[in-house]
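Q:
Protein chains: 2
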Amino acid sequence: MARVVVDVMLKPEILDPQGKAVHGALPRLGFEGVVDVRQGKRFELELDGELTEERLHEVNRIAGTLLSNPVIEDFSVHVPQDAR
Amino acid sequence: MARVVVDVMLKPEILDPQGKAVHGALPRLGFEGVVDVRQGKRFELELDGELTEERLHEVNRIAGTLLSNPVIEDFSVHVPQDAR
């Protein structure tokens with residue numbers, strides 16, 4: 039078993055209304071000093087077997103086709119430190 | 039300026055229909071060997087000034103009140119390695 043994480047965030051130049059909504063709520067809740075908030079998605083994929091280069095390459099293909107929209111989103115694939 | 043990341047995932051015992059939908063789509067797209075998918079949220083917070091213990095504590099309070107629902111979600115706060 040291996041766990042791989044895919045983070046998907048809107049590209050910096052794309053407006054992020056969810057992040058803006060969170061940002062706008064912070065002062066009303068008494069939190070100061072947050073300049074910007076961006077909201078994205080996090081996927082945790084559990085793979086069977088060993089984590090090989092080939093499997094990671096496949097996860098990159100999954101991330102680029104199913105998990106993100108490459109026109110407006112960037113993704114990053116990483117293996118969490120506590121992964122088995 | 040400092041960047042802090044908050045990851046919010048459904049607790050393991052909570053059903054995750056979004057993750058299940060992604061998981062179900064993988065074989066149809068030709069991707070095999072993924073045993074489970076969980077989908078959560080990732081927030082990137084840009085703070086002004088230095089990142090102190092106190093600021094991190096405040097981000098933890100933001101994460102536990104505004105960014106997550108503690109009844110069904112777990113969150114983790116971390117500072118990305120490339121943070122300024």
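As they're listed, the protein sequences go chains A and B.
Read in order, the letters of the first sequence are residues 39 to 122 in this note's numbering.
Read in order, the letters of the second sequence are residues 39 to 122 in this note's numbering.
Don't be surprised by glycine CBs; every beta carbon is placed ideally from N, CA and C.
What residue from S114(B), G87(B), E96(B) and A40(B) has the CA that sits closest to L64(A)'s CA?
A: Residue mapping note: residue 64(A) aligns to position 26 of the first sequence, counting from 1. Minimum Cα distance to L64(A) is reached at E96(B).
Q: According to DSSP, is K79(B) helix, strand or coil?
A: Translated into the one-based positions of the second sequence, residue 79(B) becomes position 41. Correct three-state label for K79(B): strand.
Q: Might you give, ordered along the chain, the residues of its own chain that have their beta carbon closer than 7 Å to the beta carbon of E111(B), omitting 5 neighbours on each side?
A: Reading the second sequence from its first residue, position 73 is the one you call residue 111(B). Answer for E111(B): V46, M47, L48 and K49, listed in chain order.
Q: Hey, is L85(A)'s beta-carbon within less than 8 Å of any beta-carbon in chain B?
A: For the purposes of this step, residue 85(A) is taken as residue 47 along the first sequence, with counting starting at 1. By this cut-off, L85(A) is an interface position.
Q: Check for me: the beta strand (DSSP E) holding E111(B) runs from which residue to which?
A: Numbered from its first residue, the second sequence carries residue 111(B) at position 73. Where E111(B) is concerned, the enclosing beta strand (DSSP E) stretches over E111 to H116.
Q: Could you name the residues of the segment 61-84 of chain B whose beta carbon sits closer than 8 Å to any beta carbon of chain A, in the order they occur along the chain?
A: Listed by position along the chain: A63, L64, L67, F69, G71, V72, V73, D74, V75, R76, Q77, G78, K79, R80, F81, E82, L83 and E84.
Q: Whose C-beta lies closer than 6 Å to the C-beta of E92(B) among residues of the same chain, with five residues either side of it excluded?
A: Here residue 92(B) refers to the residue found at position 54 of the second sequence. Closer than 6 Å at Cβ, skipping near neighbours: no residue.
Q: Quick check: the Cα distance between L89(A) and A40(A), rounded to an integer number of angstroms?
A: Position 51 of the first sequence, counted from the start, is the residue given in the question as residue 89(A). Position 2 of the first sequence, counted from the start, is the residue given in the question as residue 40(A). Computed Cα separation, rounded: 6 Å.
Q: Give me the chain A residues within the contact set of T103(B), using Cβ-Cβ distance strictly less than 8 Å, ordered along the chain.
A: Translated into positions along the second sequence, residue 103(B) becomes position 65. Simply L67.
Q: Does the beta-carbon of R123(B) have 16 or more other beta-carbons within 10 angstroms, so that it is buried, or is it exposed?
A: What is shown of chain B runs 39 to 122, which leaves residue 123(B) out entirely.
Q: Since A40(A) is in the beta strand (DSSP E), which residue starts that stretch and which ends it?
A: By one-based count along the first sequence, residue 40(A) stands at place 2. A40(A) -> beta strand (DSSP E) spans A40 to L48.
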